[in-house]
Each structure stands twice: as structure tokens, then as C-alpha cells.
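Below: one structure, written as C-alpha cells.
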Amino acid sequence: MRRSAEALLVLTVTATLVSCGGNRSRDDGPGAARMPHLPSDAVPKLEPRSRYGNGPTYQVFNKWYRVMDSGSGYQERGVASWYGKKFHGNLTSNREVYDMYEMTAAHKTLPLPTYVHVRNLRNNKSIVVRVNDRGPFVSNRIIDLSYAAALKLDMIRDGTSLVEVTAYNFDESTPAAAPAVPPPRQGPPTAAPSSLQSQPSVTPSETVVVAELAEPVGELQVFAQVGAFGDRSNAERRKNALTQSGIPDVAVHEDLAASAPLYRVRIGPIADVEQYDLLVVQLEKLGITDPYLISE
């Protein structure tokens, strides 16, 4: 029985990205060869939607995904991972060649290509990457960054980090004007995904070395917000329910900047991605599926 081109593409995605999105050690980096310098961020520009990798639906590991019509309004906070030499030189989902030294990324549902702004909630470092691949197909991961992108966010050592991802949008009538990145939202985002071409690759060098870990920066504290209430008594009830369920470090934070009384229920600070993964599982058992990450 002959398979369609789209079915073959699904099989290719499954085979090449089977481990896409898991924790990685420094062994997945360039090894003895190093980058001569950090690449510049991707430059957002209006590009046609790729003929490949855009669904409208596809299946990986018996789960179906629907590609978004547009990245308009897309912003999400969660866990980023990275992928390196294991996939270096392989075809991406839109049939470009993956280069671990370029500023690219994989996303499950944003249109290919889409440019996104990624901010590390731990250290406030930020980058711009071009999404040209599918993944990560691991629970509780929202984006898979190239080695170079992860290096610029200072997340190589841990393999994962808590991030904020915001899509760039273009006005069709003024394609030359690159859109500004929206300021970080103070409340939970509304989900929604946009459109590609390779940036010049950076060739590794054996003589000039860029350290895989940037100079230490002051870390920010990250909290998971699990409710916002105008009545403090309702916030206290949510806090008590979480505490009685065995979730530690729950507190009610009064938002003094709000125009009306607002009490946010927060958990944390969250030490690392491992703790966040465990927290997500605990919250899902309580019917809470939309914790919102806040850094300060």
C-alpha cells in the first residue's frame, strides 16, 4: 500500500525527533570543536509559509497535533530544551538542514517558519530564533532550541530552563517593518501560532573557543501562579486546598499595582525544571492545568 507524501513526512518527523526535547548533557554539544563566536539573533522578516511540516495535522507517538493558522497573539511560558550534534545535518520538518550553530528552534504547532522571542526566566537573557522544525515531543516542554540558541540563553549545563516564548507577527501591508516584541504579560497568556529561510551558518573552530557557560548572572526567582482572586478569602481557600494536598510553599500575594484588589496564589520559588515538572503533575491531579510562571 502506497503512503502519501504527508504520511511519509509524519514518519520522518517521528524517526528523527524521537528524543527531541529531553534533558541533554554537554556531550550533545560540538565536542572538541568550538564556535568561533556566538551567532547573531535571527532577524524577523516576512516569509512564505513552508510547503512542508505545516500539516494541517500530524501524528507523533499516537498523538495528533494541529498546526496553528497563525502565530498572532501567541505567548507561552514553560520549559525549553535544546538539541545538538545528534541531529546536526539532518533535515528539519520543513526540509531545511538542521545546523546546531544557527539560531533556530522546534515547536509542535507554530507554523513553519515563525520567528519567536525567547526569554530565560532564570536570568532574563533573551534571544530571537526562527522556528523551522517540529518538537519537542516530550511532556511539559514547549520549545526545543538549537545548541547556539541554548548557549546564548546560558542553559547548556542544565539542558532545560523555564522560559517565555512570544511569536513575532507581521502586517502584510508593511512586510519590511519588523514587529517589536510585546512586553512580558502580567497575567496568564492566551494561546494561539506564523511564517522561513536559513540564516548563515557559523562554522565551528578548533582554535577559538567560546565558553559553554557565560559569566554568572544574578538569578531571578520563579513562581507558579495558580489563581488570581478579587476576594482575599477565595485566595486563602485556594491556598489552603493546595497546602492540604501536600503542595509546599504556597502563598497569597497581594498585587498592589492592580487598579482593584487582586490576590494571586503562588507556589515557589521553584528551584529547577525537575521541581516544576513534579509540580505540574501534582496540580493536574487537582484539576489545575494552567499554572502561569512569574519571575521576579
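Residue numbering for the sequence shown follows numbering that gives the first Met the number 0, starting at 0 and increasing by one per position. Glycine included, every Cβ here is placed at the ideal spot set by N, Cα and C.
Measuring only the C-alpha atoms, how far is glycine 226 from leucine 241?
11 Å
Grouping DSSP H, G and I as helix and E and B as strand, with all else coil, what is glutamate 295?
In the structure shown, glutamate 295 sits in coil (DSSP, three-state: anything other than H, G, I, E or B).
Which of helix, strand or coil does DSSP assign to asparagine 233?
helix
Which residues mark the beginning and the end of the beta strand (DSSP E) in which glutamate 163 is found?
159-166
Straight-line Cα distance separating serine 294 from glutamine 220
The straight-line gap from Cα to Cα measures roughly 5 Å.
Simplified DSSP state of serine 227, which is helix, strand or coil:
First, the residue type needs correcting, since residue 227 is alanine and not serine in the sequence shown. The answer is strand: DSSP assigns alanine 227 an E or B state.
Any idea which residues DSSP pairs valine 221 with across the strands?
Ser294
If you count every other CB in all the chains shown that lies within 10 Å of the CB of leucine 277, and 16 or more means buried, which is it?
exposed
Quick one: is threonine 91 buried, meaning 16 or more other Cβ sit within 10 Å of its Cβ, or exposed?
buried
Taking 8 Å as the cut-off, decide whether the C-beta atoms of arginine 263 and aspartate 271 are in contact.
For arginine 263 and aspartate 271, no; Cβs fall outside 8 Å.
Kindly indicate which three-state DSSP category lysine 124 falls into: helix, strand or coil?
Correct three-state label for lysine 124: coil.
Run of the beta strand (DSSP E) containing valine 59, from where it starts to where it stops
56-59
Provide the residue(s) that pair with alanine 79 in DSSP beta bridges, ordered along the chain.
Ile142 and Ser160
In three-state DSSP terms, what is aspartate 132?
The DSSP-derived three-state label of aspartate 132 is strand.
In whole angstroms, what is the alpha-carbon distance linking phenylalanine 222 and glutamate 283?
17 Å
Just the Cα atoms here: how many angstroms apart are methionine 102 and arginine 48?
19 Å
Report buried or exposed for arginine 129, applying the criterion of at least 16 other Cβ atoms within 10 angstroms of its Cβ.
buried
Just reading off the alpha helix (DSSP H) that valine 280 is part of, what are its end residues?
272-284
What residue from Leu111, Leu292 and Ala149 has the CA that sits closest to aspartate 68's CA?
Selected option, being the one with the closest Cα: Leu111.
If you follow the beta strand (DSSP E) that threonine 103 is part of, which residue opens it and which one closes it?
103-105
Rounded to whole angstroms, how far is the Cβ of valine 127 from the Cβ of aspartate 230, which I believe are closer than 8 Å?
Distance from valine 127 to aspartate 230 at the Cβ level is roughly 41 Å; contact not present, criterion being Cβ atoms closer than 8 Å.
Proximity below 8 Å, CB of tyrosine 146 to CB of methionine 99
yes
Does the separation of the CB atoms of leucine 152 and valine 117 fall below 8 Å?
In terms of Cβ geometry, leucine 152 and valine 117 form a close pair [threshold 8 Å].
Is isoleucine 246 near isoleucine 266, with beta carbons less than 8 Å apart?
yes
Could you check if glycine 286 is buried or exposed, using at least 16 other CB atoms within 10 Å of its CB as the buried criterion?
By the 16-neighbour rule on beta-carbons within 10 angstroms, glycine 286 is exposed.
If the criterion is Cβ atoms closer than 8 Å, does the pair tyrosine 82 and valine 115 meet it?
no
Quick check on the burial criterion: 16 or more other C-beta atoms within 10 angstroms. Buried or exposed for serine 258?
exposed
So, helix, strand or coil for asparagine 93, using DSSP?
coil
Under 8 Å, do leucine 161 and leucine 120 count as touching if we go by C-beta distance?
Between leucine 161 and leucine 120, the C-beta spacing is below 8 Å.
Which partner residues does lysine 62 have in the DSSP bridge list?
Val59
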